[in-house]
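Numbering of the sequence shown is given in this note's numbering, commencing with residue 975 and proceeding in unit increments. One structure below.
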Amino acid sequence: MTLTDEKLAPIFADLVNRNQGEVEFHQALNEVLSSLGRVIGKHPDYAEKGLIERICEPERQIMFRVPWVDDAGQVQINRGFRVEFNSALGPFKGGLRFHPSVTLGIVKFLGFEQVFKNALTGMPIGGGKGGADFDPKGRSEMEVMRFCQSYMTELYRHIGEYTDVPAGDIGVGQREIGFMFGQYKRITNRYESGVLTGKGLTWGGSRVRKEATGYGAVYFIREMLKSRGEDFAGKRVVVSGSGNVAIYAMEKAAEFGGKVVACSDSDGVIYDEGGIDLELLKEIKEVRRGRVEKYVALRGNGAHFVKNGCIWDAECDIAIPAATQNELTGRDARALVKNGVVAVGEGANMPCTPEAVRVFMDANILFGPGKATNAGGVATSALEMQQNASRDSWTFEKTEDRLAAIMIAIHDRCASTADEYGLPGNYVAGANIAGFLRVAEAMDALGVV
């Protein structure tokens, strides 16, 4: 992998050499550094002070053993991680991912993205990420609880409302947050509500947090469409995944007048030309914890399931990749362009490969990068922290209004920054530059840290 900007190529080469084998992290570094040539041209002192190298190096990387006992009485061992990447703007903030694919490189890529995402929100939060190579799928409630308690038994010493505030991510929902919060409270003998976000409403959580990432992505896409005099009304929408982000992106897209015709999970794709029945999908995914294939049998009315199908082959106007990293390839992007897509908004973290992004940019497709488009989740986590700090609880309407205002501001910040640096309509560059400048300015003010 080589960097497209010659001025920063030596820095990128050194970073790759120092972080060997971490290909997702390299990809994230490349994507950000490729946007910064014009910034260094305007602010050469940032390069002279080593700010780029410092931003690309985590403040702290934590790895630990997580032993736990399964229902058969067998001892299981997993590996836990927490990468505290940058705290120039506030305490480290970012989710925990429980999935077999989790490695240090994956967590570093996620943490690096989180730094800029959090900066774009305008909230006083730094960036971090964590997780474990544990798979909660197929595990009993008691096994998940025992794992979460063991994980928190190590993690607790590294976190706190003024230090590092984890949240959920893939494989970590309100159930897992509850088990971890309970263990943290038990060990520390403190009811420190602000130490974790994504909590239940009866014990310190915020309204709209579950919906926030999906809703936020659709608010951002709506603003992109407005820039070309368009909106969601009557447009066909496809959303990959079927977790929280996907479900609530579908819900808000439908509310704005879009017609959601397909979604997916790791087994395959469901198509419903009548429009996805979201209440049925929520019942299957959130209550039964089932697979999307069950939707077809319960729905009928022309819905069908394609095992191991590719959701990006569907004809659509708006595509929202909301499952996982690098799920949408160059081949998929070309299929979407051929089928008439006009806007793509990343609901997941880096779900589009570099080749796919190039295809969209070359075709003049509206493209919202994840660090901007999916920032609604962490923004609402910061709102949860505010409510915890003031011992307050806001209404759904007030919280969603705040979320909408934040997402509109992120869109406008990305668009105006791209314009300022001579790259109109380039939301990727706008997001990278705006996020970098906010973090760099804070780090410069704090001295060599």
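Positions of the beta carbon are idealized from the N, C-alpha and C atoms, including for glycine.
Runs of the alpha helix (DSSP H) spanning 4 or more residues and lying entirely within the segment 1200–1244 occur at 1218–1229, in chain order.
The Cβ atoms of leucine 1340 and glycine 1399 sit closer than 9 Å to each other. With respect to the C-alpha of alanine 1309, the residue from Asp1291, Gly1232, Ala1392 having the closest C-alpha is Asp1291. Apart from sequence neighbours up to five positions away, the residues of its chain that approach valine 1331 with a beta-carbon distance below 7 Å are Phe1341, Val1402, ordered along the chain. In the structure shown, the three-state DSSP call for isoleucine 1258 is helix. When only Cα atoms are considered, valine 1192 and serine 1390 end up about 20 Å apart.
Phe1066 is the residue among Phe1066, Leu1084, Glu1135 whose C-alpha sits nearest the C-alpha of glycine 1101. Just so you know, the alpha carbons of phenylalanine 1370 and valine 1182 end up roughly 6 Å apart.
Shown here, isoleucine 1339 sits in coil according to DSSP, grouped into three states, outside any helix or strand. In this structure, valine 1049 sits away from glycine 1105, with a CB-CB distance that is not shorter than 9 Å. DSSP links asparagine 1052 through a beta bridge to Val1040.
With the rule of 3 Cβ pairs closer than 8 Å, the segment 1313–1325 counts as touching the segment 1202–1218. In the three-state scheme derived from DSSP, where H, G and I count as helix and E and B as strand, isoleucine 1294 is classed as strand. Histidine 1278 is classed as exposed because its beta carbon has fewer than 16 other beta carbons within 10 Å across all chains shown. Counting along the chain, leucine 1070 sits inside no alpha helix (DSSP H); it lies in the beta strand (DSSP E) bounded by residues 1066–1072. Contact annotation: glutamate 1058 and arginine 1034 have beta-carbon atoms nearer than 9 Å.
Each of Ala1346, Leu1411, Asn1362, Met1417 was checked against the Cα of histidine 1385, and the nearest Cα belongs to Ala1346.
If you look at glycine 1351, you'll find it in the alpha helix (DSSP H) that goes 1350–1363. Following the DSSP letters along the chain, one finds glycine 1249 in no alpha helix (DSSP H), marked with neither H nor E.
Under the DSSP assignment, phenylalanine 1279 falls in the beta strand (DSSP E) whose first and last residues are 1278–1281. A residue is called buried once 16 or more other Cβ atoms fall within 10 Å of its Cβ, and threonine 1354 is buried on that count.
A residue is called buried once 16 or more other Cβ atoms fall within 10 Å of its Cβ, and glutamine 994, having fewer, is exposed. Taken in chain order, the unbroken stretches of alpha helix (DSSP H) that lie wholly in the segment 1062–1134 and span 4 residues or more are 1078–1095, 1115–1129.
For valine 1043, the closest of Met1037, Arg1012, Gly1396, Arg1113 by C-alpha to C-alpha distance is Arg1113. Counting along the chain, the unbroken alpha helix (DSSP H) around proline 1018 starts and ends at 1018–1022. The Cβ atoms of phenylalanine 1194 and lysine 1082 lie no closer than 9 Å to each other. A distance below 7 Å between beta-carbons, with the five flanking residues on each side excluded, links glycine 1168 to the following residues of its chain, in chain order: Glu1135, Val1139, Met1359, Asn1362, Ala1363.
Shortest Cα-Cα distance from arginine 1071 to any of Glu1374, Glu1267, Ala1141 involves Ala1141. Ranked by Cα distance from phenylalanine 1086, the first of Asn1338, Val1413, Gly1190 is Val1413. Taking a C-beta distance under 9 Å as the contact criterion, asparagine 1275 and aspartate 1306 do not qualify as a contact pair. Of the candidates Phe1155, Ala1296, Val990, the residue whose Cα lies closest to the Cα of asparagine 1218 is Ala1296. Separation of isoleucine 1051 and aspartate 1336 (C-alpha to C-alpha, rounded to the nearest whole angstrom) is 46 Å. By the criterion of a C-beta distance shorter than 7 Å, leucine 1272 is surrounded in its chain by Leu1254, once the five residues flanking it on both sides are discounted.
For arginine 1265, the three-state secondary structure derived from DSSP is coil.
If you look at alanine 983, you'll find it in the alpha helix (DSSP H) that goes 983–992. Taking 9 Å as the cut-off, the beta carbon of glycine 1054 is found no closer than this to the beta carbon of glutamate 1117.
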